[in-house]
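This report concerns only the one structure given below.
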Amino acid sequence: MTSDKPRVDDRAPATWRSRRFATGLAVAYGVALALVGFWGSPVDASGGPWLTRALAAAHRHGLPNRIDYAAVESFANVVYFVPLGLLVVLLAGARWWWAAIATGLVVSACIETGQALFLPARTATIDDVVANGVGALLGAVVGVLLLSRAARRR
């Protein structure tokens, strides 16, 4: 049984406007992603002691202990890849939501592999790849929602 009603992703293509907006952001984001991913030392090195003290103070005021440095770092990895998922969807259209997730996983795996092979001060982990993939997924969802909303307004 087929429906004559178009699927959401058929009604939410990338537009010239979304592509123009996303292309400019993608270039800037790509540069930032490369700089952070391949910086010689951990990018949080200078902020690490401050974050540790801030978390200790927050724990004294009731923040659950499970929200520790590792949890904040993992959350940061998720947040950092949200734009990638969003930009892929804005460039390619809602039907390509899965490509946003795949792109996030591939880019993250490349960064982690580069860190493992060439940056001894960095720690490459599969957990980072998973967190980055989750971020790309969340960005893809936001992108699909934005394009669907724009399509309904047209």
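Per our numbering, the sequence shown runs over residues 248 to 401.
Ideal placement from N, C-alpha and C gives every residue a C-beta, glycine not left out.
Here the structure is a predicted model, which is why all the values come from computation and not from measurement.
Closest Cα partner of residue i within the set the options
i           : options               : result
residue 386 : 369, 401 and 327      : 327
residue 325 : 307, 352, 273 and 293 : 352
residue 334 : 396, 276, 312 and 322 : 276
residue 376 : 398, 284 and 263      : 284
residue 345 : 357, 356, 304 and 332 : 332
residue 362 : 262, 260, 286 and 278 : 286
residue 323 : 356, 291, 349 and 282 : 291
residue 360 : 367, 371 and 350      : 371
residue 320 : 265, 264, 374 and 392 : 374
residue 347 : 260, 366, 380 and 264 : 380
Secondary structure of residue i, DSSP reduced to three states
i           : result
residue 360 : helix
residue 365 : helix
residue 262 : coil
residue 350 : helix
residue 370 : coil
Opening and closing residue of the alpha helix (DSSP H) in which residue i lies
i           : result
residue 400 : 373 to 400
- Report the residue ranges of all alpha helix (DSSP H) runs contained in full by the segment 272 to 338; include only those spanning at least 4 residues, in chain order. 295 to 307
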